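**Student:** Chains as they are written, first to last, in our numbering: chain A, 1 to 227; chain W, 1001 to 1227.
Think of the CB as a built atom: it goes at the ideal place given N, C-alpha and C, for glycine as much as any other residue.
If you're wondering where the values come from, they're calculated on a predicted model, not measured in any experiment.
#1: What does residue 1114 of chain W reach in chain A if we use C-beta pairs closer than 8 Å?
#2: Return the CA-CA distance between residue 1087 of chain W and residue 60 of chain A, expressed in angstroms with no decimal places.
#3: Please name the residues in the stretch 28 to 61 of chain A whose beta-carbon is closer than 7 Å to at least one beta-carbon of chain W, in chain order.
#4: With a cut-off of 8 Å, do at least 3 Cβ pairs link the stretch 1084 to 1100 of chain W to the stretch 124 to 134 of chain A?
#5: Short of 8 Å Cβ to Cβ, which residues in the stretch 1182 to 1200 of chain W face chain A?
#6: Which value, in whole angstroms, describes the spacing of the CA atoms of residue 1101 of chain W and residue 31 of chain A?
#7: Check the Cβ-Cβ distances between residue 12 of chain A and every residue of chain W, and say whether any is below 7 Å.
#8: Below 7 Å between beta carbons: does that hold for residue 1119 of chain W and residue 1014 of chain W?
#9: Residues bridged to residue 200 of chain A by DSSP?
#10: What residues from chain A crowd round residue 1095 of chain W, counting only those whose CB sits closer than 7 Å?
#11: For residue 1172 of chain W, tell me which candidate among W:1159, W:1158, W:1151 has the shortest Cα-Cα distance.
#12: Under 7 Å Cβ to Cβ from residue 158 of chain A, same chain only, skipping five residues before and after it: list those, please.
#13: Quick check: the Cα distance between residue 1010 of chain W and residue 1114 of chain W, rounded to an integer number of angstroms?
#14: Please go through the same chain and pick out, in chain order, the residues whose beta-carbon is closer than 6 Å to the beta-carbon of residue 1099 of chain W, but skip the five residues on each side of it.
#15: Report the neighbours of residue 161 of chain A on chain W: residues whose CB is nearer than 8 Å to its CB, in chain order.
#16: Measuring alpha carbon to alpha carbon, tell me which of W:1094, W:1076, W:1038 ends up nearest residue 1057 of chain W.
#17: Using only CA atoms, which one of A:193, A:140, A:215 lies nearest to residue 1068 of chain W?
#18: Quick one: Cα of residue 1046 of chain W to Cα of residue 1037 of chain W, how far?
#19: Just the chain W side, please: which residues come within less than 7 Å of residue 179 of chain A by C-beta, in chain order?
#20: Quick check on residue 135 of chain A - is its C-beta less than 7 Å from some C-beta in chain C?
#21: I'd like to know whether the C-beta of residue 1128 of chain W is nearer than 7 Å to at least one C-beta of chain A.
#22: Taking 7 Å as the threshold (C-beta atoms), are residue 96 of chain A and residue 28 of chain A in contact?
#23: Check the Cβ-Cβ distances between residue 132 of chain A and every residue of chain W, and say whether any is below 7 Å.
#24: To which residues of the same chain is residue 1186 of chain W closer than 7 Å at the C-beta, ignoring the five residues directly before and after it?
#25: For residue 212 of chain A and chain W, any beta-carbon pair shorter than 7 Å?
#26: Comparing alpha-carbon positions, which option in A:77, A:18, A:111 lies nearest residue 52 of chain A?
#27: Is residue 133 of chain A helix, strand or coil by DSSP?
#28: Could you tell me whether the Cβ of residue 169 of chain A comes closer than 7 Å to any Cβ of chain W?
#29: Give a yes or no on whether 7 Å exceeds the smallest Cβ distance from residue 19 of chain A to chain W.
#30: Could one say the Cβ of residue 77 of chain A lies closer than 7 Å to chain W's Cβ atoms, at least one of them?
#31: Along chain A, in chain order, which residues have C-beta atoms closer than 7 Å to that of residue 1139 of chain W?
#32: Tell me which residues share the same chain as residue 1142 of chain W and place their Cβ nearer than 8 Å to its Cβ, disregarding the 5 neighbours each side in the sequence.
#33: To the nearest angstrom, how far is it from the Cα of residue 1075 of chain W to the Cα of residue 1008 of chain W?
#34: Going by DSSP in three states, residue 87 of chain A sits in which element: helix, strand or coil?
#35: Tell me which residues share the same chain as residue 217 of chain A and place their Cβ nearer than 7 Å to its Cβ, disregarding the 5 neighbours each side in the sequence.
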């Protein structure tokens, strides 16, 4: 069953059948429990990871031990590609937000894929563009002095392509991403609910009024107060 | 002379001579004056750029018109690859810090290079890894609440591989990068000079005591004061 799942991974689509059969044999599968780490910042890297099921968070742990959430990993995504491609230590730690099933492909096989299958290299380049845009976006967001604005902007970015966010992160996780306290995130979200801008439905956050969300992000920025 | 310069660009190294001759013909050269923009955030992209001489800064301009400096571009670097690879608008603006000479390669030629020359795709992937690490690094830095600490950490990151930073950016540019005021940057640098931690020699900043720099970054972080 797991091998079948590996063959459906987006990165490997377009490979001719014999190659797909060959490469799928090199994968190692493992489960990881909630709150356990897949890898730590600074580790040497030998494998590219693919998330088959569950949910992971990429975190950076600073000198003083504070966590900065960099992004989330959803099923079908691969991760840990930086170290596999540039031979440097893992740039961040990865922790399971829920129990997860992971497939790992050895570095040597990743390199041979990149070198012999232009489609894979091209797809990885496009994916890295996407990640780079996200990281840059979030970096600019961290430059916004008002914490409410940062929360509003984060939601508006997450809901850019559709009017809702599935698997909306916990208040604690949002706090880590936008560099504020959990309490501030709760107050900011509470305000959006009161104003009828958003609605929560289980793990889904629905943006009912995107224009108002945008306006509130600007208003709080201009008011200039540091929340 | 410019065509000769194009042939020495790092991204094109390893191309067989006939390919190098062919591709070098597709480049368009242009000069850009200090403080003028090479491209603007949101522009459609048709070309990959290479900086032949001069110096550029990548900036993001936020909703309220505030600039965030993302990074600098030095001669030999290529830039603007995101939009060329993923067909989305330019994610940031690029401004000349000094008069610059630029070579531009049309998008269609970039795509054919990536698809037919595995070495170019591999090099671009590695370069993107490097850029991703830098952006992530700077993003974590912006999460540090103390502005002096952010200035100290930025210098310590810039001087990671050697004990000096050539072309150290202006105080205004540093202020943009670490999200503070020019005055705060001047005070932070003044403190480092007084303490004998750094020395300025024209455009070069020499880190005389890296351990003290690191210690001061931690001390200001722990003191917790928001400068």
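**Tutor:** The short version:
#1: Within chain A, the residues whose beta carbon sits less than 8 Å from that of residue 1114 of chain W are 118, 121, 122, 125, listed in sequence order.
#2: 30 Å
#3: Flagged, chain order: 60.
#4: yes
#5: none
#6: Cα to Cα, the separation comes out at about 53 Å.
#7: no
#8: yes
#9: Listed as beta-bridge partners of residue 200 of chain A by DSSP are A:205.
#10: In chain order: nothing, as chain A lies at least about 16 Å away.
#11: The shortest CA-to-CA distance from residue 1172 of chain W to any of W:1159, W:1158, W:1151 is the one to W:1151.
#12: 165
#13: 15 Å
#14: So the qualifying residues of the chain are 1033, 1034, 1054.
#15: What residue 161 of chain A touches in chain W: nothing, since even the nearest Cβ is about 12 Å away.
#16: Of W:1094, W:1076, W:1038, the residue nearest in Cα terms is W:1094.
#17: A:140
#18: 16 Å
#19: 1143
#20: Protein chains in the displayed structure are A and W, and chain C is not among them.
#21: Yes, residue 1128 of chain W lies at the interface with chain A (some Cβ there is under 7 Å from its Cβ).
#22: no
#23: yes
#24: 1171
#25: So, not an interface residue.
#26: A:77
#27: In the structure shown, residue 133 of chain A adopts helical secondary structure according to DSSP, grouped into three states.
#28: no
#29: no
#30: For residue 77 of chain A, not one C-beta of chain W is nearer than 7 Å to its own C-beta.
#31: Neighbours of residue 1139 of chain W on chain A, chain order: 135, 138, 139, 142.
#32: 1150, 1178, 1179
#33: 11 Å
#34: Note: residue 87 of chain A maps to coil in three-state DSSP.
#35: 149, 152, 153, 156
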